[in-house]
Amino acid sequence: MANYIVSSNDPGKMGGSKAKEDIIKFASEDGFIPFRINPYHTNKLAKLLYVKFNLSTFFKSKPIDNVIMQYPIPSEYIVGKFVSMLKMKIRGKFTIWIHDIQGLQSSEPRILKWEIALFNQADILIVHNPKMKSWLVQKGVTSKMVVLGIFDYDNPQPIQPKISYAKTVCFAGNLFKSGFIKKWNPNSQVFVFGPNMPQEHHKSIIPAGQFSPEELTSHLKQNFGLIWDGPSAVTCQGTFGKYLLYNNPHKTSLYISSGIPIIIWDQAALADFVREHRIGLVVANLNDLDNLLASTTPDEYQVLKDNTVKMAEKLRTGYYTHQVIRRVLHSESHLIKDDMQ
0 MANYIVSSND PGKMGGSKAK EDIIKFASED GFIPFRINPY HTNKLAKLLY
50 VKFNLSTFFK SKPIDNVIMQ YPIPSEYIVG KFVSMLKMKI RGKFTIWIHD
100 IQGLQSSEPR ILKWEIALFN QADILIVHNP KMKSWLVQKG VTSKMVVLGI
150 FDYDNPQPIQ PKISYAKTVC FAGNLFKSGF IKKWNPNSQV FVFGPNMPQE
200 HHKSIIPAGQ FSPEELTSHL KQNFGLIWDG PSAVTCQGTF GKYLLYNNPH
250 KTSLYISSGI PIIIWDQAAL ADFVREHRIG LVVANLNDLD NLLASTTPDE
300 YQVLKDNTVK MAEKLRTGYY THQVIRRVLH SESHLIKDDM Q
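Its first residue numbered 0, the sequence shown is counted upward by one per residue in numbering that gives the first Met the number 0.
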């Protein structure tokens, strides 16, 4: 049996391809063969030649049973050609593993229309959470869907040891999306990691540097990791803030795999996961965070910490990746009955 995990050949950038590379690693442990598509061509001729002479080699003289394609791959033309050729050759299931939905972040209706048509060509979609699944159904997706739960994270650094409860917070990401940093005045110390740090910020918000995904986790020494986006500290707003209603931010897995409990917007799709597994706190307004941290006792924090360490061990071994692949491969069984209703 020949099963393939297909991904774009993404250039190295901070956090840009970490999620896809981790899935390739864990899927390979389940017998999937990596195949990388290069979508970065400067003109139409280069794309035509790539499809004819490079992409077509994937389909020559080899059996293709099941394929999981990690989406997005940033070329509609190349993705369209790959899928049309694949549908003629594949003997098993064609699955699209969604990392991002461009149409959720764009004001251009054409993009979402194209994505929905693509998703409906798949036998199965792997989606982040139940809220993303519901949104896709509302937008016209008819393919079967499997809910991931949370992204795994291959973390080379030791899990953060037991630390005293000092009410400290870390926040990591590309900070051009995080305008709330300029408007938030916490009393608690907040250590911020990433590029594009705003010049204006409260004295309790401490710039802590920029590191690769592999290095970053060794610098996270705080009690909590924050999940928040957009221009406001009052609620998550704007394109990036509202995206939290549907997606699983990969930085959540970075924090958890480091053994760091989460603080997340209470309306975020992942807030339900945080509550269910008792691995952090939810907050409606960042201006309430100081009171929330003050009302959390050291013993209560330790429960969250212990639960997070247990979850970290799962994410580091690819638990959720292996589970969802098993469901995809056995999609007619009871294993994913609930997800596919």
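For every residue, glycine included, the Cβ atom is placed at its ideal position computed from N, Cα and C.
Since we're looking at a predicted model, the values are computed, not measured.
For residue 332, count neighbouring C-beta atoms within 10 Å of its own C-beta (all shown protein chains included) and say buried if the count is 16 or more, exposed if not.
As a first step, residue 332 is located in the sequence shown; it is residue number 333 there, counting from the start. Unreliable placement is indicated for residue 332, whose pLDDT of 45 sits below 50; the coordinate value is still reported in the next sentence. Exposed.
In the DSSP assignment, find the unbroken alpha helix (DSSP H) run with residue 291 in it and report its ends.
Taking the first residue of the sequence shown as position 1, residue 291 is located at position 292. Looking at the DSSP string, the run of the alpha helix (DSSP H) that includes residue 291 is 288-294.
Mark residue 139 as exposed unless 16 or more other C-beta atoms lie within 10 angstroms of its C-beta, in which case mark it buried.
One-based indexing of the sequence shown puts residue 139 at position 140. Residue 139 should be labelled exposed.
Note down, in chain order, each residue of its chain lying with its Cβ closer than 7 Å to the Cβ of residue 81, except the 5 sequence neighbours on either side.
On the sequence shown, position 82 is the one that residue 81 refers to. So the list reads 36, 54, once near-sequence residues are dropped.
Could you give the distance in angstroms between the alpha-carbon of residue 282 and the alpha-carbon of residue 61?
Taking the sequence shown and counting its residues from 1, the one referred to as residue 282 is at position 283. Taking the sequence shown and counting its residues from 1, the one referred to as residue 61 is at position 62. Rounded to the nearest angstrom, the two C-alpha atoms are 52 Å apart.
Quick one: what's got a C-beta closer than 6 Å to residue 249's C-beta in the same chain, skipping five residues either side?
For the purposes of this step, residue 249 is taken as the residue at position 250 of the sequence shown. The residues are 18, 150.
Going by beta-carbon coordinates alone, are residue 234 and residue 25 separated by less than 8 Å?
Stepping through the sequence shown from its first residue, residue 234 is reached at position 235. Stepping through the sequence shown from its first residue, residue 25 is reached at position 26. Against a cut-off of 8 Å, the Cβ pair of residue 25 and residue 234 comes out as no contact.
Excluding the 5 residues flanking residue 114 on each side, which residues of the same chain have their C-beta closer than 7 Å to its C-beta?
For the purposes of this step, residue 114 is identified with residue 115 of the sequence shown, where counting begins at 1. Taken in chain order, the residues that qualify are 100, 101, 102.
Within the chosen definition, does the stretch 299-308 reach the stretch 169-180 through at least 3 CB pairs nearer than 8 Å?
The stretch 299-308, when compared against the stretch 169-180, does not touch it at the 8 Å Cβ threshold.
What distance in whole Å lies between the Cβ atoms of residue 126 and residue 135, which are believed to be in contact at a cut-off of 8 Å?
Residue numbering aside, residue 135 sits at position 136 when the sequence shown is read from its first letter. Residue numbering aside, residue 126 sits at position 127 when the sequence shown is read from its first letter. The Cβ separation is near 7 Å, so the contact holds.
Check whether the Cβ atoms of residue 32 and residue 70 sit closer than 8 Å, and answer yes or no.
Working through the sequence shown from its first residue, we reach residue 32 at position 33. Working through the sequence shown from its first residue, we reach residue 70 at position 71. No.
Mapping DSSP to helix, strand and coil, what is residue 110?
On the sequence shown, residue 110 is found 111 positions in, with the first residue counted as 1. Three-state result, residue 110: helix.
For residue 292, tell me which candidate among 262, 133, 317, 323 has the shortest Cα-Cα distance.
Taking the sequence shown and counting its residues from 1, one reaches residue 292 at position 293. Nearest option by C-alpha distance: 262.
With distance defined between alpha-carbon atoms, name the residue in 40, 83, 67 nearest to residue 98.
Translated into positions along the sequence shown, residue 98 becomes position 99. For residue 98, the nearest C-alpha among the options comes from 67.
What residue range does the alpha helix (DSSP H) around residue 22 cover?
Position 23 of the sequence shown, counted from the first residue, corresponds to residue 22. 17-28 is the extent of the alpha helix (DSSP H) around residue 22.
Nearest-angstrom Cα distance between residue 194 and residue 209?
On the sequence shown, residue 194 is found 195 positions in, with the first residue counted as 1. On the sequence shown, residue 209 is found 210 positions in, with the first residue counted as 1. Each residue's alpha carbon lies about 6 Å from the other.
When the Cα atoms are used, what is the spatial distance from residue 58 to residue 111?
For the purposes of this step, residue 58 is taken as the residue at position 59 of the sequence shown. For the purposes of this step, residue 111 is taken as the residue at position 112 of the sequence shown. Computed Cα separation, rounded: 28 Å.
Which same chain residues, not among the five before or five after residue 14, have their C-beta less than 6 Å away from its C-beta?
Translated into positions along the sequence shown, residue 14 becomes position 15. Only weak support exists for where residue 14 lies, its pLDDT of 43 falling under 50; the coordinates are left without a value.
Could you round the C-beta distance between residue 188 and residue 203 to whole angstroms and report it? I think they count as a contact, below 8 Å.
Mapped onto the sequence shown, residue 188 falls at position 189. Mapped onto the sequence shown, residue 203 falls at position 204. With a Cβ gap of about 6 Å, residue 188 and residue 203 count as contacting.
Closest to residue 182 by C-alpha separation, out of 192, 170, 197, 123, would be which residue?
Here residue 182 corresponds to residue number 183 of the sequence shown, with the count starting at 1. Selected option, being the one with the closest Cα: 197.
Would you say residue 164 faces chain C, with C-beta separation under 8 Å as the test?
Absent from the structure is chain C; it holds one protein chain and no more.
Beta-carbon within less than 8 Å of residue 201's beta-carbon, same chain only, minus the 5 sequence neighbours each way: which residues are those?
Translated into the one-based positions of the sequence shown, residue 201 becomes position 202. Within the same chain, residue 201 has close Cβ partners 183, 184, 185.
Do residue 257 and residue 311 have their C-beta atoms within less than 8 Å of each other?
Residue 257 sits at position 258 when you count from the first residue of the sequence shown. Residue 311 sits at position 312 when you count from the first residue of the sequence shown. Against a cut-off of 8 Å, the Cβ pair of residue 311 and residue 257 comes out as a contact.
Is the stretch 87-97 touching the stretch 44-53, taking contact as three or more C-beta pairs under 8 Å?
No, because fewer than three Cβ pairs between the stretch 87-97 and the stretch 44-53 fall closer than 8 Å, the two stretches do not touch.
I'd like to know whether the C-beta atoms of residue 255 and residue 307 end up nearer to each other than 8 Å.
Translated into positions along the sequence shown, residue 255 becomes position 256. Translated into positions along the sequence shown, residue 307 becomes position 308. Yes, the pair counts as a contact, with Cβ atoms nearer than the cut-off.
I'd like the list of long-range same chain contacts for residue 8, defined as Cβ closer than 7 Å, with 5 residues on each side in sequence excluded.
Indexing the sequence shown from 1 puts residue 8 at position 9. Closer than 7 Å at Cβ, skipping near neighbours: 35, 36, 37.
Report the rounded CA-to-CA distance for residue 271 versus residue 170, giving the unit in angstroms.
Start at 1 with the first residue of the sequence shown, and residue 271 comes out as number 272. Start at 1 with the first residue of the sequence shown, and residue 170 comes out as number 171. Using only the alpha carbons, I get a separation of about 20 Å.
Could you give the C-beta distance for residue 227 and residue 280, rounded to a whole number, given that I count them as a contact under 8 Å?
In the sequence shown, residue 227 corresponds to position 228, counting from 1. In the sequence shown, residue 280 corresponds to position 281, counting from 1. Not quite, the Cβ-Cβ distance comes to about 12 Å (not below 8 Å), so this is no contact.
Under three-state DSSP, which class holds residue 134?
Taking the first residue of the sequence shown as 1, we reach residue 134 at position 135. Of the three classes helix, strand and coil, the one that applies to residue 134 here is helix, per DSSP.
Just to confirm my understanding: we take residue 337, look at its own chain, exclude 5 residues before and 5 after, and list those with CB closer than 8 Å. What are they?
Within the sequence shown, numbered from 1, the residue matching residue 337 stands at position 338. Because residue 337 sits at a pLDDT of 47, beneath the cut-off of 50, its placement in the model cannot be relied upon, and the following sentence gives the value as read from the coordinates. There are no such residues.
Which residues does DSSP pair with residue 33 in a beta bridge?
Along the sequence shown, read from residue 1 onward, the residue named residue 33 stands at position 34. For residue 33, which the question treats as bridged, DSSP gives the partners 4.
Pull up the distance between the alpha-carbon of residue 334 and that of residue 51, whole angstroms please.
Sequence index remark: in the sequence shown, residue 334 carries index 335 (1-based). Sequence index remark: in the sequence shown, residue 51 carries index 52 (1-based). Here the model assigns residue 334 a pLDDT of 41, short of 50, so the residue's position is not dependable, and the following value carries that caveat. Near 39 Å, if we compare the C-alpha coordinates of residue 51 and residue 334.
Going by Cα to Cα distance, which pick from 244, 277, 294, 239 is closest to residue 106?
As a first step, residue 106 must be located in the sequence shown, where it is residue number 107. That would be 239, whose Cα lies nearest to the Cα of residue 106.
Taking 8 Å as the threshold (C-beta atoms), are residue 268 and residue 244 in contact?
Within the sequence shown, numbered from 1, the residue matching residue 244 stands at position 245. Within the sequence shown, numbered from 1, the residue matching residue 268 stands at position 269. Yes. Within cutoff.
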